[in-house]
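Written out as structure tokens, the structure reads:
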């Protein structure tokens, strides 16, 4: 990690994996503005104290990337006055995507969680419905003047939210290395919760399961990028053709969110 950049991590008791994307070098060496772009895990168990933290941070927009059943089972607790937007990025017809093993996704969660995530990432890279949801998310960042602090999340804040962060970073001109640095910060943020789970494990297989479930894996993001390249021609082309972001929109994003 560049010695000139220190990640803005906010470890809270009831909201996992919370951080501010601000400060990271982006287009033309300009850093991302602090206090505007946040990512986290779900807010369903947010304590009053941690909601107070989000309110002091000025969070005005919350984007929920989870499925409808996840949202209904564990509805978000929102900071006072925040807008809520539900943009489920896993396609409803995920089993029909042209991805090996996609029909087996629920079974893989029970039998091979690592394989589950590899397939999951390939589906997210392939789906036009997913691209539409991520496009709607990016356009929310362009919607208001002046811009307001926005927080996006999925369940653990690591996969769907991690890809959302890669797309935001790429649109702002952050290098792929910088995108990966932020992506893998999840493993640092999730380590305390993982250690609690590992302490209760009785077998090596259980330990392996929790590590694969709670941490992001290099071959998953590689599978996403490989499938993205096969389907769309690469990450820049995905922004252009999948998310329908033209030069004007990219320039607007950089004007709004870069120093």
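In the numbering used here, the protein residues as written are 10 to 268. We put the beta carbon where it would ideally sit given N, CA and C, even for glycine.
Starting from residue i, trace the alpha helix (DSSP H) in both directions and tell me its first and last residue.
i	result
residue 178	169-180
residue 235	227-241
residue 206	185-208
residue 256	256-266
residue 153	Premise fails: residue 153 is in no alpha helix (DSSP H) and is neither H nor E.
residue 222	213-223
Sorted by chain position, which residues of the same chain lie with C-beta nearer than 8 Å to residue i's C-beta, five sequence neighbours on each side aside?
i	result
residue 107	135
residue 111	103, 104, 105, 128, 131 and 132
residue 12	Since pLDDT at residue 12 reaches only 49, below the 50 mark, its modelled position is unreliable, and no value is offered.
residue 249	255
residue 237	134, 243, 244 and 247
I need the boundaries of the beta strand (DSSP E) containing residue i, first residue and last residue.
i	result
residue 70	70-73
residue 123	Counting along the chain, residue 123 falls outside any beta strand (DSSP E), though it belongs to the alpha helix (DSSP H) covering 122-135.
residue 159	159-162
Which residue from the options puts its Cα closest to that of residue i?
i	options	result
residue 31	25, 23, 19 and 24	19
residue 218	159, 118 and 199	118
residue 160	242, 94 and 253	94
residue 260	202, 169, 68 and 177	177
residue 246	180, 203, 209 and 187	180
residue 265	222, 248, 153 and 121	153
residue 89	268, 195 and 68	68
residue 63	155, 24 and 35	24
residue 232	48, 109, 214 and 213	109
residue 86	73, 53 and 114	53
residue 258	84, 138 and 150	150
residue 185	172, 196, 197 and 195	172
residue 166	198, 228, 61 and 59	198
residue 59	73, 22, 39 and 37	22
residue 229	38, 126 and 91	126
residue 169	140, 14 and 92	140
residue 262	183, 213 and 227	183
residue 227	61, 239 and 124	124
residue 310	209, 57 and 84	Residue 310 cannot be examined here, being either before or after the span of the chain that is shown, 10 to 268.
residue 27	81, 71 and 120	71
Please list, in chain order, all residues of the same chain as residue i whose beta carbon is under 7 Å from its beta carbon, the five residues on each side excluded.
i	result
residue 43	17, 29, 31 and 32
residue 164	50, 51, 75 and 79
residue 77	97
residue 41	30, 31, 32, 33, 35, 181, 266 and 267
residue 241	247, 250 and 251
residue 122	218, 221 and 222
residue 158	44, 45, 47, 66, 67, 68 and 69
residue 196	224 and 225
residue 55	23, 24 and 86
residue 14	32, 33 and 34
residue 207	216 and 219
Ignore the nearest five residues each way along the sequence and tell me which others in residue i's own chain have a CB closer than 6 Å to its CB.
i	result
residue 187	33
residue 46	30
residue 155	none
residue 138	100
Inside the region 25-68 only - beta strand (DSSP E) runs reaching at least 3 residues = 46-49
Is the region 246-263 touching the region 139-151, taking contact as three or more C-beta pairs under 8 Å?
-> yes
Enumerated in chain order, which unbroken segments of the beta strand (DSSP E) with a length of 3 residues or greater are wholly contained in the region 74-128?
-> 92-95
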